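Here's the structure, in structure tokens; my notes come after.
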Ligand SMILES: Nc1ncnc2c1ncn2[C@@H]1O[C@H](COP(=O)(O)OP(=O)(O)O)[C@@H](O)[C@H]1O
Ligand SMILES: [Mg+2]
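Numbering (my numbering), first residue to last: 321 to 724.
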């Protein structure tokens with residue numbers, strides 16, 4: 321709440337799958353989530369949970385959502401808690417019943433969990449300003465990780481330019497995290513010589529690591545990006561534990577609006593921690609069989625980890641000039657649409673590496689920069705649409721392209 325703690329959301333639904341889905345999404349959106357599978361169970365935990373808001377399914381065995389809502393709204397200690405009803409049908413009589421029971425808002429199933437997160441935030445703000453309380457803190461930041469099981473598929477190029485696009489679009493606070501711990505390429509791409517890296521964090525006691533410590537070990541680039549660099553030598557890569565990654569990433573997420581992670585081409589345990597914390601995993605695919613197979617393998621693993629398709633974004637990168645597989649065949653094989661195609665264009669990519677000036681900084685109005693900016697916009701707009709963002713040339717250009 322106002323003192324910096326997370327808002328506590330109690331979700332009541334008899335469908336375990338929905339509970340899991342909503343829990344993941346709301347958790348990622350920065351809420352503390354509690355669940356109950358029935359109205360009875362919710363009543364039992366209510367005094368200890370003390371939720372800031374309740375999301376309530378209508379159709380449940382035992383007491384239904386309307387009845388439970390009525391009870392909540394008639395007891396003085398629970399009546400101020402805002403309630404969002406999950407109604408099965410969209411017809412007006414359902415809506416009326418919900419409001420008669422005292423619900424503050426409703427959302428029709430099947431619903432988009434992102435919309436639910438936005439509605440919760442809006443309702444909490446509305447309720448608080450009506451009560452004259454401070455609005456909820458800004459949502460925690462969002463993590464995008466850039467991955468491929470194939471080296472040289474353009475992960476570092478994309479991660480660096482995505483971070484930059486987010487700065488250009490939203491003037492956002494962006495962290496770039498080099499988790500390709502044995503390569504150290506992000507610093508090179510930005511022409512930075514970091515004084516400190518992940519290796520210095522690894523020397524700290526876990527309990528000492530807080531925001532100040534992490535910020536002290538990051539390197540600021542002229543564009544505003546903050547880099548958490550990979551160690552200078554691969555030897556120290558082994559000192560960076562999954563636990564450390566699991567401590568540092570949430571700190572970064574609470575400090576930055578966006579955290580972009582450049583991943584190595586493997587399923588190291590440190591990566592699994594990062595994937596778990598990522599809002600979006602961007603999977604790069606190159607248009608040849610080996611690239612396609614690597615992408616398919618990665619998708620199978622994400623599937624076995626229970627990651628939903630909505631968390632994945634596929635980018636096709638033409639890292640070579642020859643005729644590659646048609647886009648449609650790649651989409652069929654991956655059973656996912658391609659969100660961005662990066663054309664083969666060696667000059668700006670190689671120049672960027674050689675000069676240490678990222679493509680989007682060197683030539684922000686080139687065609688390829690525009691494609692990357694549009695993609696960054698699509699990835700981030702849902703998180704930023706209610707933010708008070710200063711107008712920028714890049715943002716206006718991209719919004720015009722989407723007719724916004
Ligand atoms: N679309 C592209 N066209 C031409 N060259 C590219 C393209 N994308 C990446 N490259 C080049 O491919 C090489 C590997 O890219 P990099 O971003 O380092 O990949 P990774 O991090 O996956 O190993 C670099 O030399 C980069 O300049
Ligand atoms: Mg790389």
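C-beta: ideal position from N, C-alpha, C; glycine also. Since the model is a prediction, treat every value here as computed from it, not as a measurement.
If you check the CB distance, residue 378 and residue 405 come in under 8 angstroms. Using a cutoff of 7 angstroms, the CB of residue 534 does not count as near ligand 1, since none of the ligand's heavy atoms is closer than that. Taking 7 angstroms as the cut-off, one finds at least one heavy atom of ligand 2 near enough to the beta carbon of residue 476. With a contact defined as Cβ atoms closer than 8 angstroms, residue 490 and residue 342 miss out at about 27 angstroms. Within the model, the alpha-carbon separation for residue 644 versus residue 478 is close to 20 angstroms. Note: residue 342 is not bridge-paired with any residue in the DSSP secondary-structure output.
For the 8 angstroms CB-CB criterion, residue 589 and residue 562 form a contact. If you check the C-beta of residue 471 against ligand 1, you find a heavy atom less than 7 angstroms away. Residue 689 and residue 376 have their C-alpha atoms spaced approximately 44 angstroms apart.
For the 8 angstroms CB-CB criterion, residue 547 and residue 496 form a contact.
Proximity of the stretch 623-638 to the stretch 658-666 meets the contact definition, three or more beta-carbon pairs being nearer than 8 angstroms. Shortest gap from the CB of residue 669 to any heavy atom of ligand 1: under 7 angstroms. For residue 618, the distance from the CB to the nearest heavy atom of ligand 2 is not below 7 angstroms. Judged by DSSP secondary structure, residue 546 falls within the beta strand (DSSP E) whose first and last residues are 546-548.
Pairing residue 518 with residue 585, the inter-Cα distance amounts to about 18 angstroms. Taking 8 angstroms as the upper bound for CB-CB distance, residue 422 and residue 390 are in contact here, some 6 angstroms apart. Residue 476 sits buried, since 16 or more C-beta atoms from the chains shown fall within 10 Å of its C-beta.
Contact between residue 482 and residue 692 holds, with the beta-carbon distance rounding to 7 angstroms and staying under 8 angstroms. Rounded to whole angstroms, the gap between the alpha carbons of residue 602 and residue 552 is 26 angstroms. Below 8 angstroms, too few C-beta pairs join the stretch 459-467 and the stretch 669-681 to call them touching: fewer than three. Short note on residue 505: C-beta closer than 7 angstroms to some heavy atom of ligand 2. Put simply, of 419, 506, 608 the residue whose alpha carbon is nearest the alpha carbon of residue 649 is 608. For residue 332 against residue 374, the beta-carbon gap comes to about 7 angstroms, under 8 angstroms, which counts as contact.
Residue 712 carries a coil assignment under DSSP once its states are collapsed to helix, strand and coil. The distance from the Cβ of residue 684 to that of residue 714 is about 6 angstroms, consistent with a contact at the 8 angstroms cut-off. Here the distance from the Cβ of residue 582 to the nearest heavy atom of ligand 2 is below 7 angstroms.
A residue is called buried when at least 16 other Cβ atoms come within 10 angstroms of its Cβ; residue 473 meets this threshold and is buried. Closest in C-alpha terms to residue 640, from the list 534, 621, 503, 605, comes 605. Excluding its 5 nearest sequence neighbours in each direction, residue 429 has C-beta neighbours in its own chain below 6 angstroms: 406, 408, listed in chain order. In this structure, the beta-carbon distance from residue 329 to residue 381 does not fall below 8 angstroms.
Secondary structure at residue 421: coil, using DSSP grouped into helix, strand and coil. By alpha-carbon distance to residue 721, the top candidate from 697, 493, 706, 702 is 697.
The secondary-structure analysis by DSSP pairs residue 670 with nothing; it has no beta-bridge partner. Straight through space, the alpha carbons of residue 418 and residue 529 are spaced by roughly 47 angstroms.
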